[in-house]
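A.B. asks: Chains C, W and E, in that order, are what the protein sequence lines are.
Going by this note's numbering, the first sequence opens with residue 337, and the numbers climb by one from there.
Going by this note's numbering, the second sequence opens with residue 3, and the numbers climb by one from there.
Going by this note's numbering, the third sequence opens with residue 14, and the numbers climb by one from there.
Glycine included, every Cβ here is placed at the ideal spot set by N, Cα and C.
Model, not experiment: these values are computed from the prediction.
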Amino acid sequence: MKAELHEISVNFGTFCAVDNVSLSFAPGEIHALVGENGAGKSTAMSVLFGLNTDYQGNIVINDQHRRWKSPADAISAGVGMVHQHFMLQETMSVLENVILCSEPVNKLGFVSFTTAAKSVQNLIDSYDLQIDQTQKVAELSVGQRQAVEILKLLYRKSDLLILDEPTAVLTPNEKNELFQSLSNFKASGKSIILITHKIDEVMMIADKVSVMRSGNLISSKLLKNTSKDEIQQNIIGGALPKPIKRKQMHPKNIGFEMQKVIIPGLATRRKPISLKVYLGEIVGIAGVSGNGQTPLVEAIVGLRNILSGNMLLSNETISDKDVSARRKIGLSYIPEDRQRVGLALDASVIENSCVSQIRNKKFSNGYFFNLQHLRKFSEQLVSEYDIRVGTVKSKVRTMSGGNKQKLVVARELEQKKQLVIAENPTWGVDIGAINKIHQELIKMRDMGHAILLVSNEIEEIMGLSDRIHVMANGQLSESMNSAQVTANKLGKLMLSHNEPTLSEKLEKMQP
Amino acid sequence: MTHRLYSLLAASMLLLMTFASLIWLADADFFKSIMAFFKGAFGGRKYAYLLVTISRAALITGMAIAALIAFRAGLFNIGGEGQLVIGGLASAFVAINLPFGGPAGIFLVLLAGMIAAGGWAIIAGIMKLWLGVPILVGTLLLNYPARYIASYFVSHPLRDISSGMPQTHLIEKSLWLPLIPGTRLDIGFIFILLVFCLVLIYCYRTVGGYEAKMTGLSIDFANASGLKTKKISLKTLALSGAIAGLVGAIAVLGLHHRFTDGMLVQPLYAWTGIVAALMVSLIPWAVLPAGFFFAAIHSGASGMERTADVPKEIAIIIQGMIILFVASKVPAAFNQNIGDGK
Amino acid sequence: MLESIFDPAFADSVARISIPILLAALGGAICHRAGVFNIALEGFLLMGAFMAVFGSHFTSSATWGTLFAMCGGIFMALLFAEFHLRRPGDPIVVSIAINLISLGLSTYLLRAIFDVSGVFQSDQIQKIALIDIPLIKNIPFLGSFFSGQSLLFYFSLAIVIFAHFFFKYHQLGIWLRAAGENKQALEAGGVSSKKIQFIALILCGALCGLGGAQLSISNVGLFVENMSAGRGWIAVVIVLVTGGRALPLLGLVFLFGTIDSASLRVQGFGWPQQFTEMMPYLASLLALIFVCYRKLKFEKNTRGIRNV
C-alpha cells in the first residue's frame, strides 16, 4: 500500500509537537524516520496509526483521504504498529495477546479459540518461530515479546509496519536478525517505517531517510542521495558536539567494592557478584535491560536486601545500612526512571532539589528548613546545568524529559559524594542534554570520584568508561579495559544464552 | 476561560435542580426552605445558629486536618471515625475518673484523647509495616471495633444508669470547656484554630512536613532519596489520629459534656472531614473554609428540618454532589497505586 | 454450647447472610478486574436495599422490587461512571461521595416519601420467594445450606460459575481483563477502555442492587436506615485482598457469613451485644492479616525488597 501524510500538525496545548510535516511511504521500502528524543517522530506516527486523533492535516492511503477514529480503523486499513513499550497483557497467553481486539467470535460473543489457535500456529510454523502460543507473556524474554508484537501485525495482515525504536531492547545479534526479517518483509512488498535515533542502524538497512527536529521535517531523501554526516547534522541542527576530553587518571584507592554478593531476584541462578570501582574512574556495566541491572543497582543503593557477601563504601561496610546511611557515607544515585524514582513530578523544582540533603545544616536546623537557602541552591543548579524551566517554583511535571534528567543529575552530582551510580542517565534525552550530562560525569571522574555507569547503550558505555563489565542473565563478566574492547565483543557477551534467537525464526519470513 | 465558566454554571444548575426536586419530594415549600436554610446556618436570635455552625465547623475542620495530614503523606487513612470515637471515649473516661478539675484537668483529658486515638491509628500503621495490610483497608476495618467498643463501655461499665440512655455520667463542671462570654459557644473552636495554624506551619515550613509531602507524592522517590519512609508513615499516622482524638475530646468536654453512644458517628464528622480535605486537593489553608462551608450546609439543613419540614439528610446529599462536581474538576490530589490502596 | 450454635438452622442462616456480601463482592470483583477502583459498594448496596422496598411496596410485587433494586444500584453506578470515567474524578473521592449520597438519599427518601424515621415496614411489601430443592433438602446440614434459599442465592452461585467462563472465553470478558491489566495495550488494539470500564460499573451496580434486594425484601420485608451496615465495606476488603479471584472470594465471603451468623447465635448466651457485633469485623481483620502477611513474606523472600 501507498501511504502519505499531508501537512500534519499536532499541538498539545501551546506546545507544538509536530509542525506541518508531509511524508510518503512506498511499498517494498524501508523508510527510516530519525531524529533525537523529543523530535516528534513517535507523535507523527501515532497519527498515522490512529492513536492520536487530534491533529490538522490529512492521511492518504492508496490515493484516498482517510480519517481514523481509533487504532481500530487504522488496523483494518492495514496499518500496524509495534510500540517502543510493548503493548502486551502479561497474564495472558501469546495466543490471547496476538488475537486481542480482533478475536474471532461466534454470535453470542464467545471466542472460538480453536480457529484462532490454528491460524496463529500456521503463522508460527511458516516463520519457524520458537514460540509456544500457550505460554504466558510474563514468562517470555524480551526478544520473544517483540516477536509476539510482530506476530500481532502478521495476524492482522498489516501491509504497513511501523516499528518504534525496535532495537532499544535487543542484543546486537538480535538486531541483525530483526533486520534480516525486515528485509524479507520488504521483499514481499510490505512498507516499513522505522522510527529510530540510531544512525548506524539507518545506514545499514534503510532505503529512505527522513529527519525530524523539534517537530519539523528537515529532510527526506533516499539513502543513496545523502550521507551519515549530513543526517547527523540535520538531526542536531548545528555542529557535532566535540568528543569529551578526559584526564589521564591513575586510580589507586578503592571507592566502592562488592565482594561475592548474592542478590535475590537476580535471574534464576544466583551467582555471586564481585566488582570494584576505584576513585577517579568510570566503571561501565553494559547489558540489555532486564538482565539483572535493576536488582543490582537497588542492592547497592539500599533498596534491596542481599543474601550474602559484603559491600564496602569508602572502606565502610554498608550491607546492613539503609539508604540514608549509605548516602551519608558517600553515595549518590541517578535512577533510570526519572518520573517515578528520580523526581516527584507534582512538586516544584525547589522541593525536588533538596530531598536527600534537607537535614543538612545548610538547609535546615533539624526542624525548620530555610526557604532562602533552598531556593538559592536550586537556582544554582538550574543555571549551572542550563535547565529550561519557568521558575524554580514551577512543578517539575512541566519540564521536558531532557531538562528533568538534567535536574536529577545536577542534584545528585552537586552533593559531591564519593560514589555516583548512574543508571541509563541519558535515556530518552535530547542530544544537548546528553552531552552536558556526559561532560559532568567525566568532570566528576577527573575530580577523583568513583562512578558506576549502568547503561544499555553501547556507545555511551564505550565513550565514558575506563573499565567495562558486561551483565547478562544476572551474571557479571570480568572487567575489561575499555581501550581493548570493541562493540562487537561487547555484543557477543551481551547475548543471553536462554533465549531462542529471534534469529533463525524470522529468518525465512516471507508472506 | 469561558469553558470553565460554562461548566461552573452547568454544575450549579444541576445542584439547584437536585435541591429543588428533593424539596418537592418532601412536600415542602421551596422559598420557605431556602429562608430556613440561611437562617439555620447563619442566623437565629443573637446569632445562635451561626455559633452552632462555628462549633460544628470546628469539629469538621479538625477532622479535615487529621485527614489532610495523613493523605498528604500518601496514607489513605479513612479510619478517622474510629480514631475520633476512641479519642472521645478515652477523654470521657479520664474526665470522669480524674480526681481534680480546672485547666490542668482539661489539659490532661485532651491529652488522653490524643494519645488514645493516636495509638489506635498506629495499630493500622503497624499492620501495614509489619504485616503488609494496606492502610486503606486496615484503618477502615478498625472503624467498626472502635464503634462497638465505645458502645459497650457506655452501655455497661461507664453507663449513667439513672439517665436511661447509653451514655456516661455528666462530666463535672470544672472540666467543661469555658464558653465565650454571652454565648453558648465553647472555646473548642479556638483550640482547633490553634491546631490549624500549627499544621500550616508544619506543612509549609518544617522538615517533617516537607518529608511527609515528598513521601506522599512519590514513595519510590522518597525511598531512593534516603527518606526514612517507615518512620515518617508511623509518625504521620500518629499525628493524624491524635488530631482526631483531640476533636473527640473537644466534643466531649465542650459540646456534650459526656459521651453518648453514637454522638460522634451520627453527625458524620469524620467522613465530612475526609471529603472536605479531598475536595480542596489537600491544600492546607483551604481546609478551614471547606470545613466551615460544610458545617453551614449541615446547620442550614437542620434549620430546614425545624421550620420547613425538610429532612436534614438533604445536607449529606448536597454535600456529596458538591464533592462529585469539585472532585472532577480539580486534579487528583495524590498519586495512587491502584490495586490495594496503599 | 457448640451444638446449639451449629445446627441445621445455622447452615441456613450462613447461606442467607452471605448472599448480599457475595453479590456485592462479585460486583466489586468485576470492577477490580477491569481496572476500576470502586470502593463505593456500600453505597450501591444501600441504594439497592431502599429501592427494593420502594418498588415492592408500590407494586406489591417482589419481582418489580428486585428490578427497582437493580436500577437503584445502576443509578449509583452511572453517577460513578459520569464523575470518574467521563470526567477525571479520583475514584476514592468519587466512591466516598457516592457512599455519602446513598446514605443521605436513602434516609431522606425514607422520611420524605414514607413519612417515617428509622424503619419502614408495610404489608404491601412482597418478599422474594424461597426455593426448595427436593432431594438436596434432605441432606443433613448441607441440605439447609443449599435448599430453601432465596432465588438470589442460586443466582449468585450461577454468576460465579458463569463468570469463570465469561472471563476466559467471552470477548467482553477478555476485554475486561485486558482493560484492568494493561489499558494502553487494549486501546492500541482499537478498543475503548472507557467503554469497557463503563460496562463493568453497570454490571457491578446491578449485582450490588440485587444484593440490596436480598437485604431488604428477602428474609425481612422492611428498610432500616443505613441498612447495609458495613457489608459493602466487607465486600470491598474481600475484593482487594483476593484480587477478585473466585475461590478465595467465595471462601472469605462464607467465612464472614459464618462468623456473622455465629455472632447472632452467641448473643443468646449473654455475651454483650457489642462484642458479638464486633466479631465478624475482627474475623475479617484476622483473615486479612493472614493473607497480607503471606504476601509480604513472599515479596521479601523472592525479591528482597526492603521498603514498603
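Please decide whether E/Ile187 counts as near chain C, where near means a Cβ-Cβ distance under 9 Å.
C.D. replies: yes
A.B. asks: Along the chain, where does the alpha helix (DSSP H) containing C/Tyr669 start, and where does it finish?
C.D. replies: Run containing C/Tyr669: none in the alpha helix (DSSP H); it sits in the beta strand (DSSP E), 667-670.
A.B. asks: Grab me the residues of C/Asp766's own chain with a C-beta within less than 7 Å of its C-beta, minus the 5 sequence neighbours each way, in chain order.
C.D. replies: Glu372, Asn373, Gly374, Gly738
A.B. asks: Under the assumption that E/Met60 contacts E/Gly86 (Cβ atoms under 8 Å), give the Cβ distance between them as a whole number of angstroms.
C.D. replies: Here E/Met60 really is in contact with E/Gly86; their C-beta atoms are around 6 Å apart, less than 8 Å.
A.B. asks: Output yes if chain W places a C-beta closer than 9 Å to the C-beta of E/Pro285; else output no.
C.D. replies: yes
A.B. asks: Are the Cβ atoms of W/Ala272 and W/Ala240 separated by less than 9 Å?
C.D. replies: no
A.B. asks: When you check each C-beta in the segment 287-310 of chain E against every C-beta of chain C, which residues fall closer than 7 Å?
C.D. replies: For the segment 287-310 of chain E, the set of positions with a beta-carbon nearer than 7 Å to some beta-carbon of chain C is empty.
A.B. asks: Is there a C-beta anywhere in chain W that falls below 9 Å from the one on C/Glu343?
C.D. replies: Using beta-carbon distances, C/Glu343 does not count as an interface residue toward chain W, since no partner is under 9 Å.
A.B. asks: Between which two residues does the alpha helix (DSSP H) containing C/Ser546 stretch?
C.D. replies: Looking at the DSSP string, C/Ser546 is not in any alpha helix (DSSP H); the run it does join, the beta strand (DSSP E), is 544-549.
A.B. asks: Compare the C-beta of C/Asp673 against all C-beta atoms of chain W and say whether one is closer than 9 Å.
C.D. replies: yes
A.B. asks: Given a limit of 9 Å on CB to CB distance, which residues of the segment 138-166 of chain W reach chain E?
C.D. replies: Leu138, Val139, Gly140, Leu142, Leu143, Leu144, Asn145, Tyr146, Pro147, Arg149, Tyr150, Ile151, Ala152, Ser153, Tyr154, Phe155, Ser157, His158
A.B. asks: What are the residues of the segment 360-385 of chain C that lie near chain E, defined by any Cβ-Cβ distance shorter than 9 Å?
C.D. replies: Phe385
A.B. asks: Would you check whether the ligand COA has a heavy atom nearer than 8 Å to the C-beta of C/Glu501?
C.D. replies: The ligand COA is not part of this structure, which contains no ligands at all.
A.B. asks: With distances taken Cα to Cα, identify the nearest neighbour of C/Val505 among C/Glu750, C/Ser527, C/His774, C/Ser477.
C.D. replies: C/Ser477
A.B. asks: Short of 8 Å Cβ to Cβ, which residues in the segment 689-705 of chain C face chain W?
C.D. replies: Val691, Ser692, Ile694, Arg695, Ser700, Gly702, Tyr703, Phe704, Phe705
A.B. asks: 9 Å is my cut-off, CB to CB: does E/Val321 come that close to chain C?
C.D. replies: Annotation note: pLDDT 46 at E/Val321 (below 50); position unreliable, no value reported.
A.B. asks: Would you report the Cα separation of C/Leu497 and C/Ala339, rounded to the nearest angstrom?
C.D. replies: 11 Å
A.B. asks: If we define contact as Cβ-Cβ less than 9 Å, is E/Phe96 a contact residue for chain D?
C.D. replies: Protein chains in the displayed structure are C, W and E, and chain D is not among them.
A.B. asks: Who does W/Thr208 pair with in a DSSP beta bridge?
C.D. replies: C/Phe704
A.B. asks: Report the partner residues of W/Asp188 according to the DSSP bridge assignment.
C.D. replies: W/Asp188 is bridged by DSSP to W/Leu181.
A.B. asks: Would you grab the beta carbon distance between E/Phe159 and E/Pro21 for me? Rounded to a whole angstrom, and I think it's under 8 Å.
C.D. replies: About 12 Å; that fails the 8 Å criterion.
A.B. asks: Would you verify that the beta carbon of E/Thr315 is, or is not, closer than 9 Å to some beta carbon of chain W?
C.D. replies: no
A.B. asks: So with CB distances below 7 Å, who are the chain E contacts of W/Ala28?
C.D. replies: Ala125
A.B. asks: Return the first residue and the last residue of the beta strand (DSSP E) that E/Ala82 is part of.
C.D. replies: Element bounds for E/Ala82: not the beta strand (DSSP E) but the alpha helix (DSSP H), 75-94.
A.B. asks: Taking CB distances under 9 Å as the criterion, tell me whether E/Asn112 reaches chain W.
C.D. replies: yes
A.B. asks: Could you say which of W/Leu179, W/Ile62, W/Ser153 lies nearest to W/Thr170 if we only look at CA atoms?
C.D. replies: W/Ser153
A.B. asks: Can you list, in chain order, the residues of the segment 181-205 of chain E whose Cβ is nearer than 8 Å to any Cβ on chain C?
C.D. replies: Tyr182, His183, Gln184, Leu185, Ile187, Trp188, Arg190, Ala191, Glu194, Asn195, Gln197, Ala198, Leu199, Glu200, Ala201, Gly202, Gly203, Val204, Ser205
A.B. asks: Which same chain residues, not among the five before or five after E/Ile43, have their C-beta less than 6 Å away from its C-beta?
C.D. replies: Ala213, Leu216, Cys217
A.B. asks: Name the two residues that bound the continuous alpha helix (DSSP H) containing C/Val418.
C.D. replies: Here C/Val418 belongs to no alpha helix (DSSP H); instead the beta strand (DSSP E) covers 415-418.
A.B. asks: For C/Asn646, which three-state DSSP category applies?
C.D. replies: The three-state secondary structure of C/Asn646, taken from DSSP, is strand.
A.B. asks: Should C/Val637 be flagged as near chain W, meaning a C-beta pair shorter than 9 Å?
C.D. replies: yes
A.B. asks: Under a three-way DSSP split, which group does C/Leu558 fall into?
C.D. replies: Note: C/Leu558 maps to strand in three-state DSSP.
A.B. asks: Using a Cβ-Cβ cut-off of less than 8 Å, give me the residues of the segment 63-96 of chain W that come near chain E, in sequence order.
C.D. replies: Phe78, Ile80
A.B. asks: For C/Ile484, does the three-state DSSP call read helix, strand or coil?
C.D. replies: Checking the displayed sequence, the identity of residue 484 of chain C turns out to be Val instead of Ile. Here C/Val484 sits in helix by DSSP.
A.B. asks: Chain C partners of W/Gly134, CB-CB under 7 Å?
C.D. replies: Residues of chain C whose Cβ lies closer than 7 Å to the Cβ of W/Gly134 do not exist, since the nearest Cβ in that chain is about 16 Å away.
A.B. asks: Using the three-state DSSP reduction, which class does C/Ala362 fall into: helix, strand or coil?
C.D. replies: coil
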